[in-house]
Structure formats: structure tokens, C-alpha cells
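Residue numbers (our numbering): 1 to 91.
Quick reminder that beta carbons are idealized off the backbone N, C-alpha and C, glycines included.
For reference, the structure discussed in these notes is given below.
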């Protein structure tokens with residue numbers, strides 16, 4: 001298994017903006033086979049509906065098991081720390 005962090009700046013975080021970010025990601029990297037997500041099932045269903053039929057499988061954290069996302073949250077935290085070190089705190 002390989003892990004990578006791909007950053008798309010999205011503001012504000014709406015369903016439409018998230019769909020556009022996923023389309024940009026797919027254009028650069030290919031359509032992902034699996035997307036791991038927090039337990040935002042309703043938002044994910046809306047995004048899947050907007051993106052049309054894809055072969056992507058969505059996997060969610062268990063509702064009360066916040067620690068399950070640790071293996072993908074750690075690289076994001078490291079990236080955020082790098083940004084803070086290089087760019088300073090953004091307010």
C-alpha cells in the first residue's frame with residue numbers, strides 16, 4: 001500500500017467545490033479506487049451523485065471510533081506543520 005498527500009485548496013467547502021476538487025484530482029492522478037473518509041456519509045452521497053457513476057469505493061470511519069482515521073490524518077498533520085513552518089501562521 002502507498003500513501004500520498006494531495007492538496008487542493010477549496011474555499012468555501014461546498015459540495016460543488018468538493019466535486020470540482022475531486023475532478024481536478026482525478027484528471028491529474030486518475031480516478032481513485034478507494035476514498036477513505038470521516039463519517040460524513042450524507043455529504044459523500046451527495047458528492048457521489050454529482051460526480052456520476054464511478055468505480056470508486058468509499059470507506060468510512062466507524063461513527064464512534066475517531067482513532068480509525070489516524071493512519072491518514074498523520075500525513076495531513078505533518079503537511080500542515082510543514083506549511084506552518086514555511087509560511088507562518090495564517091489567520
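Inter-residue spacing [alpha-carbon to alpha-carbon] between residue i and residue j
i          : j          : result
residue 46 : residue 31 : 18 Å
residue 71 : residue 80 : 15 Å
residue 44 : residue 38 : 10 Å
residue 49 : residue 83 : 33 Å
residue 15 : residue 3  : 25 Å
Contact set for residue i: own chain, Cβ-Cβ below 8 Å, skip 5 residues either direction
i          : result
residue 24 : 8
residue 59 : 34, 35, 36 and 37
Paired residues, beta bridge with residue i - DSSP
i          : result
residue 60 : 37
Same chain only: Cβ atoms within 7 Å of residue i, ignoring 5 sequence neighbours per side
i          : result
residue 54 : 31
residue 17 : 10
residue 19 : 47, 50 and 51
Buried or exposed (CB count within 10 angstroms, at least 16 for buried), residue i
i          : result
residue 87 : exposed
residue 13 : exposed
Same chain only: Cβ atoms within 6 Å of residue i, ignoring 5 sequence neighbours per side
i          : result
residue 57 : 34
Using a Cβ distance threshold of 8 Å, determine whether the segment 2-9 contacts the segment 71-78, with at least three qualifying pairs required.
A contact exists between the segment 2-9 and the segment 71-78.
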